[in-house]
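Contents: one structure, followed by commentary.
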Amino acid sequence: MHIAVENLTKRFGPVCANDRLTVSFAAGQIHGVLGENGAGKSTLMKLLSGYIQPDEGRIVFNDAPRRLRGPGDALAAGVGMVQQEPLDIPAFTVLENLLCAAPPGVFRSRRAAQTALLELAGRLGFPVDPAARLDQLTIGQRQQVEIMRLLLCGAQVLILDEPTTGITAAQARALFAALRQIAAEGRTVLFVSHKLEEVAELCHTVTVLRNGHVVPPGQLPMPQPQEYLLSLMFGESGAAPPIYRPLPAIDAPPVWELRHVTARSGALHLVDLNHRFAAGRIIGLAGLDGSGQQVLLRLLAGQQAPDHGQVLVNGRDLTGAGSIAFRQAGVEYLPADRLHDGMIGALSLADHFALLQRNGLLVDRRRAEELARQAIAEYQIKATPVTPIASLSGGNQQRAMLALIPSTARGILAEQPTRGLDVASARAIWSRLQARRDDGCCIIFSSPDLDEIMEYSDEVIVCFAGRIGPPIPRALLSASRLAELIGGVGFDALVDVVR
Amino acid sequence: MRTDRLKLAANLTRPLLALVAAFALTTLALLSTGVSPLEAYRLVLFGAFSTPVRLSDMIMLAAPLLLCAVGLSITFAGGLYNLGVEGQMIAGAIAAMVPLRLWPDWPPLLLWLLAGLSGAAGGALWALLIGALRRYANVSEIFAGLGMNFLASGLALYMVLGPWRRQTSASLSGTDLLPRDLWLPTIDRLRLAPAAPVIALLALAIVWWALTKTRWGLEVRAVGLNPAAAGRLGVAAFRRMAETLAACGALAGIAGMLQVVAVHHALIPNISSGIGLLGLLVALLARADPRWLLPIAVAFASFTVGSIQLPLTLGIDSAIAGVLQGALVLFALVARARVR
């Protein structure tokens with residue numbers, strides 16, 4: 001199906017997220033949509049898939065203008081969108097999830113639905129168990145289920161918003177192969193991303209958005225030079241890349257120490273962990289989704305108590321003391337989902353600084369606003385001290401979260417610190433974290449992005465099926481070796497060598 | 001300037017529409033009974049202000065109502081729906097009776113103080129049980145609160161018919177009246193105990209100050225908005241929740257104490273008279289904004305008192321005040337719903 005927008009405009013308050021966009025997407029191709037955070041990509045996709053309605057302009061499917069009243073309406077017209085976070089019903093099985101939202105008449109029976117699902121899964125190369133519950137699946141598997149659901153419900157246009165965020169490299173490869181197959185069958189695929197390599201690898205055309213406009217107007221055929229696309233996305237100047245520098249020799253005591261720690265989470269068992277995490281290091285946790293990184297971070301943040309063994313922070317035994325005690329001992333935890341459990345969306349930066357005040361009966365508003373102003377200047381946050389956090393862009397929220405880390409923090413645990421951020425924002429975040437490292441913090445982060453781990457870690461810890469490897473100096477590691485270790489190749493030898 | 005005025009007009013349109021809709025619904029209900037809606041409205045809206053006695057009745061109803069609504073504005077700020085406020089009021093009333101019955105010869109001033117403290121403690125304890133159920137048994141505070149309401153009613157009934165029954169014979173109409181000198185000082189002709197509204201207004205002022213100016217209030221609001229994030233920033237989230245429940249329970253308990261020493265002068269089975277649940281409506285309509293609590297509590301109390309005359313003058317049931325109050329809250333909630 002050919003899909004086009006004409007003079008499409010959407011405003012959120014004073015912000016014009018899409019400003020008279022005119023662009024069209026031909027059938028049978030994969031179209032990349034690039035842009036930094038806040039450029040208007042997600043708004044355009046939500047307009048096309050009926051989640052929000054435009055203020056002006058129109059949406060045209062196969063030369064006929066359509067008014068979309070909601071996602072169901074859009075799917076009936078043949079457009080389906082895979083959200084960045086899976087929008088499904090976790091307690092349902094794959095098959096139930098498929099049946100419950102299917103338009104009437106699509107499936108004659110459960111058996112027919114299952115047959116259709118397995119047939120499509122075979123064609124796309126997705127391994128799927130129709131009886132598996134969605135909450136037992138990984139993000140990548142749920143994404144595959146969602147793609148198949150939309151296609152079985154008649155989607156001719158498939159929109160994917162940052163689909164490779166939070167899925168493994170193998171799942172990304174399977175996804176790309178499936179998308180090529182879907183396009184080859186004559187459907188239209190819109191692939192929203194800010195990862196240039198992916199767009200270069202996959203897409204036939206690219207549309208670049210900047211500040212709610214298409215630059216230059218209309219689509220570009222791929223391939224295009226990477227530098228040219230970067231300049232379109234960010235304007236002329238991007239931030240300079242960080243400079244790699246050798247590890248300083250630190251003889252301070254370890255920030256964290258695990259002694260014979262055993263812990264479990266669901267089916268995952270972590271047995272007899274003995275680790276010391278030194279100060280002044282950035283340690284990257286690499287591994288497939290759900291290999292133990294999460295549990296390790298939760299143990300180190302005090303959110304989960306070990307079943308056996310001890311957790312020491314700065315030499316003090318804090319086993320089972322709870323996350324507030326860990327925080328008071330200088331451990332700061334930055335969750336991946338900034339608004340869900342990182343910060344309070346309705347409160348402002350000044351309110352957050354006021355929350356951090358520990359003394360006095362009354363709120364010292366003047367002091368809190370002063371701190372907020374300092375943080376805004378120092379971290380270049382686009383906000384005022386009284387802007388609600390929820391109305392900031394992702395990059396600015398992440399900067400605000402970093403600004404809120406007290407200067408006394410000795411250990412920072414960051415879960416996917418640059419999740420959903422564009423290149424420039426990610427670099428800014430990392431330069432802040434590196435400055436913290438230089439001040440003597442130990443920073444442990446997890447990321448599904450191997451490039452990020454290779455670029456910013458001083459040491460890398462590989463997690464494989466609940467086993468936590470020893471820290472490997474970054475200098476001794478190559479990208480291909482890391483990829484092998486994540487897949488379990490040579491992992492046993494690595495652990496044995498250390499023993 | 002012009003846009004400001006437009007914005008103001010836009011902000012007022014929805015509440016006004018809600019008001020019109022609520023009265024339209026109530027008018028329909030009145031028309032169905034065949035009485036003149038104008039006459040009924042005259043009584044419901046202004047009846048409470050027609051004589052000094054009715055005015056003081058209204059004040060004596062508004063005082064516990066305001067106390068409950070103020071308490072609920074704390075739990076709302078903390079993100080909790082404390083439907084147990086009715087039971088907390090009853091628990092407070094029962095607890096307040098204890099010192100009054102144990103030491104009736106002590107100086108009244110001391111006894112009132114003791115009754116107030118005991119009532120507050122009883123209400124707070126009853127509310128903390130809800131917190132404990134939520135924390136340790138994973139029961140939603142809504143269901144826990146409703147269950148505790150039934151338990152409190154049962155307990156009050158048991159006390160009235162059992163341990164504290166009248167000396168002559170057990171009676172559903174309540175315990176023996178308290179000795180006259182233990183009644184809160186009352187202007188007899190008016191049935192008005194001035195201490196009650198003073199206590200309620202004091203509570204309003206203190207809670208408004210605590211929620212907006214203190215660090216505790218900020219932490220409570222942060223927990224209400226996002227407990228996980230507040231916890232990450234170092235706020236003891238569950239503790240704050242428990243404290244909001246206890247504070248609300250204490251205020252409801254004081255309202256129960258006032259029902260005993262200032263209104264009924266005895267423990268009666270229906271000591272809370274639905275005031276706690278009416279307080280929920282007030283808090284919902286005020287959106288837990290302290291500035292609106294007082295006017296709305298006064299308005300609701302006057303509807304209730306005004307409608308008492310309906311059966312006598314117009315021969316219809318006084319429940320029409322409940323229809324109006326409920327319709328106001330319903331349409332206000334509808335008007336607030338965000339347009340998609």
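Sequence order for the protein chains is A and B. What the first sequence shows, in the UniProt record's numbering, is residues 1 to 499, in sequence order. What the second sequence shows, in the UniProt record's numbering, is residues 1 to 340, in sequence order. Yeah, the Cβ is synthetic: ideal placement off N, Cα and C, and Gly gets one too.
7 Å Cβ cutoff met for residue i and residue j
i: His265 (chain B); j: Trp164 (chain B); result: no
i: Ile30 (chain A); j: His204 (chain A); result: yes
i: Leu267 (chain B); j: Met89 (chain B); result: no
i: Val329 (chain B); j: Leu284 (chain B); result: yes
i: Ala200 (chain B); j: Leu55 (chain B); result: no
i: Val295 (chain A); j: Gly411 (chain A); result: no
i: Leu300 (chain A); j: Leu413 (chain A); result: yes
i: Leu349 (chain A); j: Ala372 (chain A); result: yes
i: Ala94 (chain B); j: Met148 (chain B); result: A quick correction: the sequence has Ile, not Ala, at residue 94 (chain B). Result no, Cβ atoms of Ile94 (chain B) and Met148 (chain B) do not sit closer than 7 Å.
i: Met257 (chain B); j: Gly92 (chain B); result: yes
i: Asn226 (chain B); j: Ile389 (chain A); result: no
i: Thr188 (chain A); j: Val157 (chain A); result: yes
i: Phe331 (chain B); j: Ala21 (chain B); result: yes
i: Ile443 (chain A); j: Ile324 (chain A); result: no
i: Asn82 (chain B); j: Cys248 (chain B); result: yes
Residue i (DSSP reduced to helix, strand or coil)
i: Tyr456 (chain A); result: helix
i: Ser446 (chain A); result: strand
i: Glu36 (chain A); result: coil
i: Ile486 (chain A); result: helix
i: Arg101 (chain B); result: helix
i: Lys10 (chain A); result: strand
i: His108 (chain A); result: Here residue 108 (chain A) is Arg; the residue named in the question, His, does not match the sequence. Three-state DSSP puts Arg108 (chain A) in coil, outside helix and strand.
i: Phe126 (chain A); result: coil
i: Pro221 (chain A); result: strand
i: His264 (chain B); result: helix
i: Cys463 (chain A); result: strand
i: Phe25 (chain A); result: strand
i: Ser265 (chain A); result: strand
i: Asp63 (chain A); result: coil
i: Pro269 (chain B); result: coil
i: Thr13 (chain B); result: helix
Residue nearest to residue i in terms of C-alpha spacing, selected from the options
i: Leu421 (chain A); options: A:Asp341, A:Asp337, A:Glu459; result: A:Asp337
i: Ala301 (chain B); options: B:Gly274, B:Leu251, B:Gly315; result: B:Gly274
i: Ala297 (chain B); options: B:Leu278, B:Pro311, B:Thr313, B:Leu314; result: B:Leu278
i: Leu192 (chain B); options: B:Val20, B:Val263, B:Leu65, B:Leu211; result: B:Val263
i: Leu95 (chain A); options: A:Gly105, A:Pro104, A:Leu118, A:Pro86; result: A:Leu118
i: residue 511 (chain A); options: A:Asp19, A:Arg259, A:Ala172; result: Missing from the structure shown is residue 511 (chain A); chain A here goes from 1 to 499 and no further.
i: Leu120 (chain A); options: A:Gln144, A:Leu220, A:Phe445; result: A:Gln144
i: Pro64 (chain B); options: B:Val235, B:Leu312, B:Ala337, B:Leu202; result: B:Leu202
i: Gly50 (chain A); options: A:Ala39, A:Pro90, A:Arg66; result: A:Arg66
i: Pro71 (chain A); options: A:Asn97, A:Val60, A:Ala101; result: A:Ala101
i: Gln380 (chain A); options: A:Arg432, A:Leu339, A:Ala39; result: A:Arg432
Local Cβ density within 10 Å of residue i, reported as buried at 16 or more and exposed below that
i: Trp112 (chain B); result: buried
i: Asp181 (chain B); result: exposed
i: Glu185 (chain A); result: exposed
i: Ala24 (chain B); result: exposed
i: Ala240 (chain A); result: Because the pLDDT of Ala240 (chain A) is 40, which lies under 50, any placement of that residue in the model is unreliable, and the question is left without a value.
i: Arg340 (chain B); result: Note that Arg340 (chain B) scores a pLDDT of 37, beneath 50, so its modelled location is shaky; the value from the coordinates is reported in the next line. Exposed, since its Cβ has fewer than 16 Cβ neighbours within 10 Å.
i: Gln181 (chain A); result: exposed
i: Leu285 (chain A); result: buried
i: Pro242 (chain A); result: Only weak support exists for where Pro242 (chain A) lies, its pLDDT of 42 falling under 50; the coordinates are left without a value.
i: Gln325 (chain B); result: buried
i: Trp126 (chain B); result: buried
i: Trp430 (chain A); result: buried
i: His275 (chain A); result: buried
i: Arg336 (chain B); result: exposed
i: His308 (chain A); result: exposed
i: Ser169 (chain B); result: exposed
i: Leu245 (chain B); result: buried
At what residue ranges does the stretch 364 to 443 of chain A contain a whole run of the alpha helix (DSSP H), taking only runs of 4 or more? 365 to 379, 394 to 403, 423 to 438
Ordered list of alpha helix (DSSP H) runs contained in the stretch 147 to 192 of chain A, each at least 4 residues: 169 to 184
Taking only runs that begin and end inside the stretch 284 to 351 of chain A, name each unbroken beta strand (DSSP E) of 3 or more residues, in chain order. 308 to 313, 331 to 334
Along the chain, which unbroken stretches of the alpha helix (DSSP H) at least 4 residues long are found entirely within the stretch 135 to 200 of chain B? 141 to 161
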